[in-house]
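When the letters of the sequence shown are read in order and numbered with mature numbering (1 follows the signal peptide of the UniProt record, and there is no 0), they come out as residues -19 to -1, 1 to 363. Built from N, CA and C at the ideal position, the CB exists for glycine as well. Being a predicted model, the structure only gives us computed values, none of them experimental. Remarks on the structure that follows.
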Amino acid sequence: MKKILFSLLLSAGAYGAFAQEVVITAKLDKAPNDTLVQLLEPYTGEFDTVRVVNHGFTIKRPMPKGGSIYVLMIGNQGEKGATLLYLESGKIHISGKGPYFQNATYSGDVWVKEWQEMMALMDPEKGDPKKQNDLMESINKAMKVGDEDAAEKYGKEYQVVTDRLQQSYRNWITKHPNSGVSAYAATVFFNGKKEFDEILAGLGEHAIASRIMQRRLHPGTIDPSPMSVKFGEPGEAQGPLGKVKIGDMAPAFSVPDANGKMVSLADFKGKYVFLDFWASWCGPCKPQIPYLKAANDKYKGKNFSMIAVSLDSKKEAWEKAVEKHGINWTNVCSMKGWADETIASYGASYIPFNVLIGPDGKVLAMGLYGEDVEKKLAEIIK
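Here is the structure:
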């Protein structure tokens, strides 16, 4: 993939005014005609729908508040039929020979090329992200057999790769300070870290004005009422939900573990509970795992428990990811993907997402990432 270098002083006007619209066109040679296509903004639950016609489709969407992350999905194939996109006003064209987005090519405005560069940096099957995953697997295997020397060795290698990967993200942001994609990278990979404020200071007006960054800087100010979103026919699951706020009673839930045993929030009554929503296919979820491990190791046994709620739809993929990443706290999964009732009840339509619940069942915090996880726990668990 060719890297597109452009002036650090590129004006916001070159990206298109926020009042304009994004036009998505696609031609996928084997896309089944009349299949439902959905464009979802995970931050808000808002979505548009069209149908495949002549193996293609066109979606037009107003972009009044700057760039954001979207999920584009064909049919009800789960992650197989979906792709993650950064969109802002302008044009993007998707072409491919298959029925879905695997091996598809993306062209259009400058932000399309920028997003493809970022996706290449994050690709879990290549480069440092793959090395990171492989080393995590080696660490977990060493720990299982009690080989502490090997675990320490792999741990040091993992940290070297992680630092190098973080630097590659930061270098990309530095070269693209006015890109909305940089806002995405800053909020996903540096949120809760000491570098965030320094990175923020170097971002341009267009990046800061993006919906992604505004949501990070002013939480709650641009969040509409969350909706329960299921990828299916229009009207299948579109009822509004009450927004869960800090101080509210945490919604009850009951979700099966890998053995089919139901796990309920009530089982942890009287404890601090860290509820983490993730999935095996979620790239941004993986950098959070080491922070969650550190917090779990430090606070387990101190009236504290973690529950990982997966949005996977395939049991094999979920169980493999749990083992690979060494997620050794309570794991549950309804196998319903985004139709999972638990994440809907908490009013969230994006992952990673988490909620910290107190012994009295009330929500103490939401959206803790990176070093902020341990910082918050240190405040409340003495």
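Own chain residues within Cβ distance below 6 angstroms of Trp92, not counting five before or after: The sequence position of residue 92 within the sequence shown is 111, counting from 1. Cβ within range, chain order: Glu69.
Rounded separation between Ile37 and Met103 - CA only: Along the sequence shown, read from residue 1 onward, the residue named residue 37 stands at position 56. Along the sequence shown, read from residue 1 onward, the residue named residue 103 stands at position 122. Checking the sequence shown, residue 37 turns out to be Gly, not Ile. Gly37 and Met103: Cα-Cα distance of roughly 28 angstroms.
Nearest-angstrom Cα separation, counted from Ala85 out to Lys111: Stepping through the sequence shown from its first residue, residue 111 is reached at position 130. Stepping through the sequence shown from its first residue, residue 85 is reached at position 104. Rounded to whole angstroms, the gap between the alpha carbons of Lys111 and Ala85 is 21 angstroms.
Of the residues Ala63, Glu300, Ile40 and Leu184, the one placed nearest Asn240, counting alpha carbons only: Within the sequence shown, numbered from 1, the residue matching residue 240 stands at position 259. Distance from the Cα of Asn240 is smallest, within the candidate group Ala63, Glu300, Ile40 and Leu184, for Glu300.
Three-state secondary structure (DSSP) of Val52: The count along the sequence shown starts at 1 and reaches residue 52 at position 71. Strand, per DSSP.
At least 3 beta-carbon pairs within less than 8 angstroms: the segment 142 to 152 vs the segment 119 to 128: The segment 142 to 152 vs the segment 119 to 128: no contact.
Three-state secondary structure assigned by DSSP to Val3: Translated into the one-based positions of the sequence shown, residue 3 becomes position 22. The answer is strand: DSSP assigns Val3 an E or B state.
Segments of 3+ residues assigned as beta strand (DSSP E) that fall wholly inside the segment 287 to 349: Within the segment 287 to 349, the complete beta strand (DSSP E) segments at least 3 residues long are 311 to 314, 334 to 338 and 344 to 347, listed from N- to C-terminus.
The segment 124 to 133 / the segment 152 to 171 touching (three or more Cβ pairs under 8 angstroms): Touching, no, given that fewer than three Cβ pairs across the two stretches are closer than 8 angstroms.
Whole-angstrom C-beta distance between Ala231 and Lys343, which should lie under 8 angstroms: Within the sequence shown, the letter at position 362 stands for residue 343. Within the sequence shown, the letter at position 250 stands for residue 231. With 8 angstroms as the limit, Lys343 and Ala231 qualify as a contact, their Cβ atoms being about 7 angstroms apart.
Residue 364 versus Gly251: straight-line alpha-carbon distance, rounded: With the chain covering only -19 through 363, there is no way to say anything about residue 364.
Between the CA atoms of Met117 and Tyr135 - distance to the nearest angstrom: The residue labelled residue 135 in the question sits at position 154 within the sequence shown. The residue labelled residue 117 in the question sits at position 136 within the sequence shown. Here the alpha carbons of Met117 and Tyr135 stand approximately 8 angstroms from one another.
Contact set for Ser76: own chain, Cβ-Cβ below 6 angstroms, skip 5 residues either direction: Position 95 of the sequence shown, counting from 1, holds the residue named residue 76. For Ser76, where only same-chain residues beyond five positions count, the Cβ hits under 6 angstroms are Lys8 and Thr86.
Own chain partners of Pro265 with C-beta closer than 7 angstroms, once the 5 adjacent residues on each side are dropped: Position 284 of the sequence shown, counted from the start, is the residue given in the question as residue 265. Around Pro265: Val169 and Pro333.
Whole-angstrom C-beta distance between Tyr253 and Val354, which should lie under 8 angstroms: Numbered from its first residue, the sequence shown carries residue 354 at position 373. Numbered from its first residue, the sequence shown carries residue 253 at position 272. With a Cβ gap of about 12 angstroms, Val354 and Tyr253 do not count as contacting.
DSSP bridge partner residues for Ala63 (one or two, in chain order): Looking up residue 63 in the sequence shown gives position 82. Beta-bridge pairing links Ala63 to Met54.
Collapsed DSSP secondary structure at His74 in the structure displayed: The sequence position of residue 74 within the sequence shown is 93, counting from 1. His74 sits in a strand when the DSSP states are folded into three classes.
Beta-carbon spacing of Val3, Lys41 below 9 angstroms: Mapped onto the sequence shown, residue 3 falls at position 22. Mapped onto the sequence shown, residue 41 falls at position 60. Yes; because the gap between Cβ atoms is below 9 angstroms, this pair is in contact.
Residues sharing a beta bridge with Val34, DSSP: The residue given as residue 34 occupies position 53 in the sequence shown. Partner(s): Gly37.
Cβ-based burial, Thr323 [other Cβ within 10 Å; buried from 16]: Sequence index remark: in the sequence shown, residue 323 carries index 342 (1-based). Buried: at least 16 other Cβ atoms inside 10 Å.
Segment limits, alpha helix (DSSP H) that includes Trp96: Position 115 of the sequence shown, counted from the start, is the residue given in the question as residue 96. Taken as a continuous stretch (DSSP letters only), the alpha helix (DSSP H) holding Trp96 covers Val91 to Met103.
Rounded distance between the beta-carbons of Met44 and Gln113, thought under 8 angstroms: In the sequence shown, the residue the question calls residue 113 occupies position 132. In the sequence shown, the residue the question calls residue 44 occupies position 63. With 8 angstroms as the limit, Gln113 and Met44 do not qualify as a contact, their Cβ atoms being about 34 angstroms apart.
Buried versus exposed, by CB contacts within 10 Å (16 or more), Gln97: Within the sequence shown, numbered from 1, the residue matching residue 97 stands at position 116. By the beta-carbon neighbour count (other beta carbons within 10 angstroms, threshold 16), Gln97 is buried.
Where Met230 falls: helix, strand or coil (DSSP): Residue 230 sits at position 249 when you count from the first residue of the sequence shown. For Met230, the secondary structure class from DSSP, reduced to helix, strand or coil, is strand.
Nearest-angstrom Cα separation, counted from Lys363 out to Ala260: Here residue 260 is taken as the residue at index 279 of the sequence shown, counted from 1. Here residue 363 is taken as the residue at index 382 of the sequence shown, counted from 1. Whole-angstrom Cα-Cα distance: 31 angstroms.
Alpha-carbon to alpha-carbon, Leu256 and Val336: Here residue 336 corresponds to residue number 355 of the sequence shown, with the count starting at 1. Here residue 256 corresponds to residue number 275 of the sequence shown, with the count starting at 1. Approximately 5 angstroms between the Cα atoms of the pair.
Short Cβ contact (9 angstroms threshold) for Leu246 with Ile338: As a first step, residue 246 must be located in the sequence shown, where it is residue number 265. As a first step, residue 338 must be located in the sequence shown, where it is residue number 357. Their beta carbons are under 9 angstroms apart, which means Leu246 touches Ile338 by this criterion.
8 angstroms CB neighbourhood of Pro237 in its chain, flanking five on each side removed: Taking the first residue of the sequence shown as 1, we reach residue 237 at position 256. By the criterion of a C-beta distance shorter than 8 angstroms, Pro237 is surrounded in its chain by Met243, Val244, Val313, Cys314 and Ser315, once the five residues flanking it on both sides are discounted.
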